[in-house]
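*Asks:* Sharing a structure, written as structure tokens. Questions coming.
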Amino acid sequence: MKKNLHKYYYLFILLLAGTFGVIAQPPAPLPPPPGLPINDGVLFLGIAALSYGIFTIYNHTKKRKSLG
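Numbering (my numbering), first residue to last: 764 to 831.
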């Protein structure tokens, strides 16, 4: 009876070690939020391009009106 008991003892130790190994792992990183990742540089370039486009169209229509 005692010879069989050590087999279960080692199994219990392995199970315990595996459980604490899983618990001790760092948590998984959070997934990124939905949507496109836009940093400040891309946002600045987008606003600059939009402003330039609006300014150009405005000047173009103003010149056409003044030409008659």
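Every residue, glycine too, gets a C-beta built ideally from N, C-alpha and C.
Note that the coordinates shown come from a computational prediction; the quantities given were computed from them, not determined experimentally.
#1: For N822, does the three-state DSSP call read helix, strand or coil?
#2: When DSSP labels each residue in this structure, what does L808 get in the three-state scheme?
#3: For V805 and L799, I'd like the C-alpha separation in whole angstroms.
#4: DSSP on I801, reduced to helix/strand/coil?
#5: At the level of alpha carbons, what is the spacing between A811 and T819?
*Replies:* The relevant details are as follows:
#1: The count along the sequence shown starts at 1 and reaches residue 822 at position 59. Three-state DSSP puts N822 in a helix.
#2: For the purposes of this step, residue 808 is taken as residue 45 along the sequence shown, with counting starting at 1. Note: L808 maps to helix in three-state DSSP.
#3: Within the sequence shown, numbered from 1, the residue matching residue 805 stands at position 42. Within the sequence shown, numbered from 1, the residue matching residue 799 stands at position 36. The alpha-carbon atoms of V805 and L799 are separated by roughly 11 Å.
#4: Locating residue 801 in the sequence shown gives position 38, where the first residue counts as 1. Coil, per DSSP.
#5: In the sequence shown, residue 811 corresponds to position 48, counting from 1. In the sequence shown, residue 819 corresponds to position 56, counting from 1. Those two C-alpha atoms are separated by around 12 Å.
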